[in-house]
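Trainee:
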Amino acid sequence: MTSLARSPRATAAALSLAALLAASALRASGPVTWTMATQSEFLKGQAIGVSVDEVGRVIAAPSISVLHDPASPQIWSLATGPGDVWVAGTGGDGRVIRSRGGQVATILDTAETNVYAVAVAPDGRVFAATGPDGKTYWLLSRVRGQQLFSVGGRNIMAEREIHFSQVAINVPDFKEELAKAEASDKPMLQETAKGLRYFVKEKNGTRRVQVQQETSRWFAVGGAYYDKSLKYPIPLIGVNYFNYDWKKTKTQINLFAAGAVNTLTVSKVNLFPKVDGGFNAALFLIPFEDRYYPAGVDERVKVLREYASGNLGWRLNDYSKLSLDVDARYYRYSKVSQTAWNFRLPKDHGDLGLGLGYSLAWNGWSAEAQAMAHHRTSWEPWGFPGGHEDASNHKDYSLWSLALSKHFYLPYFQQISAGLNWMDGSSLDRFSSYQFTYLGKESLPGFAGSGVRFDRGAIATLAYDFNI
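Offset between the sequence shown (1-based) and the numbering used here: plus 74.
(1) Taking the CB atoms as reference points, tell me whether Y407 and K376 lie closer together than 8 Å.
(2) Count the other C-beta atoms from every protein chain shown that fall within 10 angstroms of the C-beta of F505, then say buried if there are 16 or more, exposed otherwise.
(3) If distances are taken between C-alpha atoms only, which option among L386, E373, A331 and S303 comes closest to N344?
(4) Using C-beta distances below 6 Å, list every residue in its chain close to L91, excluding the 5 sequence neighbours before and after it, in chain order.
(5) Just curious, the beta strand (DSSP E) that E380 is in, first and last residue?
(6) Between the segment 535-542 and the segment 520-527, can you find at least three pairs of beta-carbon atoms closer than 8 Å?
(7) Could you check the C-alpha separation between L390 and L396 for me, to the nearest Å?
(8) If you follow the alpha helix (DSSP H) that E251 is in, where does it begin and where does it stop?
(9) Tell me which residues share the same chain as Y318 and place their Cβ nearer than 6 Å to its Cβ, disregarding the 5 neighbours each side in the sequence.
(10) Bridge partners of A298, per DSSP?
(11) Pick from W439, H423 and Y366: whose alpha carbon is nearest that of A414?
(12) Do you know offhand how far S411's Cα is from L338's?
(13) If I follow the unbroken beta strand (DSSP E) through S137, where does it start and stop?
(14) Please report the distance separating the alpha-carbon of L434 from that of S394.
(15) Taking the alpha carbon of V335 as the reference point, which residue from G351, F362 and K322 has its own alpha carbon closest?
(16) Assuming F458 contacts N416 under a Cβ cut-off of 8 Å, what Cβ separation, rounded to an integer in Å, is found between them?
(17) Inspect the CB distances between the segment 480-490 and the segment 447-466 and report whether three or more fall short of 8 Å.
(18) Quick check on N314: does DSSP put it in helix, strand or coil?
(19) With a CB to CB cut of under 8 Å and the five nearest residues on each side skipped, what residues in its chain are close to P147?
(20) Looking only at its own chain, which residues have a Cβ that is under 6 Å from the Cβ of E373, when we skip the five neighbours before and after it?
(21) How many whole angstroms separate the CB atoms of V159 and V194, which I take to be in contact at a CB cut-off of 8 Å?
(22) Contact check, Q444 vs S472 under 8 Å by CB: the rounded distance?
(23) Once DSSP output is grouped into helix, strand and coil, what is the label at S394?
(24) Just to confirm the assignment, what range does the beta strand (DSSP E) spanning G493 have?
(25) From the DSSP output, which residues share a beta bridge with Q444?
(26) Decide if P156 is buried, meaning its Cβ has at least 16 other Cβ atoms within 10 Å, or exposed.
(27) Going by other Cβ atoms of all chains shown within 10 Å of its Cβ, with 16 needed for buried, is R527 buried or exposed?
(28) Exposed or buried, what is S341 when buried is set at 16 or more other beta-carbons lying within 10 Å of its beta-carbon?
(29) Quick check on D247: buried or exposed, where buried means 16 or more other Cβ atoms within 10 Å of its Cβ?
(30) Pull up the distance between the alpha-carbon of G351 and that of E516, whole angstroms please.
(31) Between G312 and V295, is the Cβ-Cβ spacing less than 8 Å?
(32) Measuring alpha carbon to alpha carbon, tell me which of R199, T210 and R174 ends up nearest A185.
(33) Per DSSP, D422 is paired with what?
(34) Out of S440, W456, N437 and D470, point me to the one whose CA is closest to G424's CA.
(35) Going straight from the alpha carbon of S500 to that of R379, what length do you get?
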C-alpha cells in the first residue's frame, strides 16, 4: 500500500490492514504494518492484484474477465444451467440473454422493462419473471427428441434437436414483420384445424393456405452402376415415382424403373393398430457374374436374381419393433466364357424364406437381430464331376445376424458413426453363404461382386458424415 499515514491509536475501532512486503535478498527485512483509523485513510491506498475482505485480510484478487456486454442499462438477474450455459435478465429493455459454448444470443425480448429473476431447469428450460406487470415466462429454447419414420416398411429413428433464439413476445411492430415475411419468397406455414399447412405465395403477391397437399412426385433417373460382378457399367435411364399418401389411404409407394434395375416398394404405417406392413420387389433384366476361386480354380457362372418380400411389423413402443418377414427369390444360372465345359450348373430354383426380426433405436443407439430359415424348391449336385454330391444337405439353410451401432452427433450437421455386425448361419454352401454387397448390412466398399464368401464373420464400421 502507498500514501498511507501512521497513527498512534493502534487500538482504535478502525479498519486495519496488514501487508507483507517482500524485499530483495540484499535488503531483506521483516514485515511492515500500517494501521489506519479512518475510511479516508484506507481509500488513499491502491490495491493491486489483491482484495480486502470484511475483516481487513489481504487475499489474492479473483480473476475477472468480460463474458458479454449486453448494451443494457442493468443486469438484474443471473443463473447458470447444465454444461457451460448461463442466462441473464436485463433491466431497462426487458431481455433474457443466454450463453452456450461461448455463443451469446437474446432468447426473449419482452414488452416489459425489467427481468427481475431467471432460473434454468436441469433439462435446460428457462423461466423468467418480469416487471412491472409481474408476468412469468417459460422459454421454449430447445426441443430434443426422437422421431420415428416408417419408410418402405422399415422403422427409421431420427434424433432431432431444435434451438429457438431471438424470441420476441408482443412486440409492437409484429404486423410490420408479418407483412415483410409474407412479401418475401421464403416458405411459410400456417396453423389450421388439420395441422400445419403451407402458406403459398401467389403470382400477384398474396398468400393462401394450400389445403390439398401434393403427395406425389415424378423424377427423372439417369446414371450407371458398376461392381466387379459386371464386365462394364450398366446404364440406368428411367423414372422414379414417389407417393406418400396413395389414393388418400396413407400408403407409401416408390417405383424405380431404370431399365436394367427396377424396384417397387409399398408400405402402410397403420395397417392395423401398432402394426405396419410392407412389400418390396426387385426385377433385374441382366444377370450378374458370380465369381468363385476354390483352390485357385475359376468356377465363374452368371446368376439372374429376382426378389420379392413382405413384412409385418408390430411396434412394441416408440423405440422398438418386432417383425415377421416372408422372402421369395428366383435364381437362374448360365455359363460364361470362363466356365469349364464339364462344370455342371446349379439347377434353376426358387428360394422361400420365413424369419423374425427385432429392432431397437434409442438415444443414438441402434440394435437389430434377425433370423431367417430358407427352403430351396430344388437343389441337386452341381459343379465338377464328383463334387457337391451332398447338395441335398443344403436344400434347407438358415441365416441369422446381430448388429449394433452408435451415432455421435456433432455441431454443424456432423456425425460420427460406429457399428458392428455379426453374421452366422447353418448348412450354407457357395450360393447361400454371405457375400459383400454394395448396400445393406453386408456392404464393404471395394468388395461388392468380388466373389469373397464367408459363412461366419463380422463387419466393423467407422464413418464420419457431414452435410452442406
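Glycine is no exception: its CB is placed at the ideal position from the N, C-alpha and C atoms.
Mentor: Inspection of the coordinates gives the following:
(1) As a working note, residue 407 is residue 333 in the sequence shown. As a working note, residue 376 is residue 302 in the sequence shown. Contact flag set, yes.
(2) Taking the first residue of the sequence shown as 1, we reach residue 505 at position 431. Label assigned to F505: buried.
(3) Stepping through the sequence shown from its first residue, residue 344 is reached at position 270. Out of L386, E373, A331 and S303, L386 has the C-alpha closest to the C-alpha of N344.
(4) Taking the first residue of the sequence shown as 1, we reach residue 91 at position 17. Here L91 scores only 35 on pLDDT, less than 50, and its place in the model is too uncertain to base an answer on.
(5) Here the question's residue 380 lines up with position 306 in the sequence shown. Where E380 is concerned, the enclosing beta strand (DSSP E) stretches over V375 to R389.
(6) no
(7) Taking the first residue of the sequence shown as 1, we reach residue 390 at position 316. Taking the first residue of the sequence shown as 1, we reach residue 396 at position 322. Each residue's Cα considered, the two are about 7 Å apart.
(8) Counting from one through the sequence shown, the residue named residue 251 turns up at place 177. That run of the alpha helix (DSSP H) goes F248 to A257.
(9) Working through the sequence shown from its first residue, we reach residue 318 at position 244. Excluding sequence neighbours, Y318 sits near T289 and Q326.
(10) On the sequence shown, residue 298 is found 224 positions in, with the first residue counted as 1. A298 is bridged to P309.
(11) Your numbering for residue 414 matches position 340 in the sequence shown. Here the closest residue by C-alpha is Y366.
(12) Stepping through the sequence shown from its first residue, residue 411 is reached at position 337. Stepping through the sequence shown from its first residue, residue 338 is reached at position 264. The straight-line gap from Cα to Cα measures roughly 33 Å.
(13) Looking up residue 137 in the sequence shown gives position 63. From DSSP, S137 is part of no beta strand (DSSP E); its letter is neither H nor E.
(14) Here residue 434 corresponds to residue number 360 of the sequence shown, with the count starting at 1. Here residue 394 corresponds to residue number 320 of the sequence shown, with the count starting at 1. When rounded, the distance between both Cα atoms is 4 Å.
(15) Start at 1 with the first residue of the sequence shown, and residue 335 comes out as number 261. The shortest Cα separation from V335 among G351, F362 and K322 belongs to F362.
(16) Walking along the sequence shown from the start, residue 458 turns up at place 384. Walking along the sequence shown from the start, residue 416 turns up at place 342. About 6 Å separates the two Cβ atoms, so the contact holds.
(17) no
(18) Taking the first residue of the sequence shown as position 1, residue 314 is located at position 240. Three-state result, N314: strand.
(19) Position 73 of the sequence shown holds residue 147. Excluding residues within five positions, the ones whose Cβ falls inside 8 Å are T164, G165, G166 and D167.
(20) In the sequence shown, the residue the question calls residue 373 occupies position 299. Contacts found: Y366.
(21) By one-based count along the sequence shown, residue 159 stands at place 85. By one-based count along the sequence shown, residue 194 stands at place 120. 7 Å between Cβ atoms; contact.
(22) The residue given as residue 444 occupies position 370 in the sequence shown. The residue given as residue 472 occupies position 398 in the sequence shown. So it is not a contact: roughly 11 Å between Cβ atoms.
(23) Counting from 1 along the sequence shown, the entry for residue 394 is found at position 320. Three-state result, S394: strand.
(24) Here residue 493 corresponds to residue number 419 of the sequence shown, with the count starting at 1. Its beta strand (DSSP E) spans residues Q488 to S500.
(25) Locating residue 444 in the sequence shown gives position 370, counting from the first residue. For Q444, which the question treats as bridged, DSSP gives the partners G431 and S475.
(26) Stepping through the sequence shown from its first residue, residue 156 is reached at position 82. It counts as exposed.
(27) As a first step, residue 527 is located in the sequence shown; it is residue number 453 there, counting from the start. It counts as buried.
(28) The residue labelled residue 341 in the question sits at position 267 within the sequence shown. Buried, because 16 or more other Cβ atoms sit within 10 Å of the Cβ of S341.
(29) Reading the sequence shown from its first residue, position 173 is the one you call residue 247. By the 10 Å Cβ count, D247 comes out exposed.
(30) Translated into positions along the sequence shown, residue 351 becomes position 277. Translated into positions along the sequence shown, residue 516 becomes position 442. Distance between the alpha carbons of G351 and E516: 24 Å.
(31) Sequence index remark: in the sequence shown, residue 312 carries index 238 (1-based). Sequence index remark: in the sequence shown, residue 295 carries index 221 (1-based). Yes. Within cutoff.
(32) For the purposes of this step, residue 185 is taken as residue 111 along the sequence shown, with counting starting at 1. It is T210 whose Cα lies nearest to the Cα of A185.
(33) Here residue 422 refers to the residue found at position 348 when the sequence shown is read from its first residue. D422 is not bridged to any residue.
(34) By one-based count along the sequence shown, residue 424 stands at place 350. Taking only the C-alpha atoms, the option nearest G424 is D470.
(35) Locating residue 500 in the sequence shown gives position 426, counting from the first residue. Locating residue 379 in the sequence shown gives position 305, counting from the first residue. Computed Cα separation, rounded: 22 Å.
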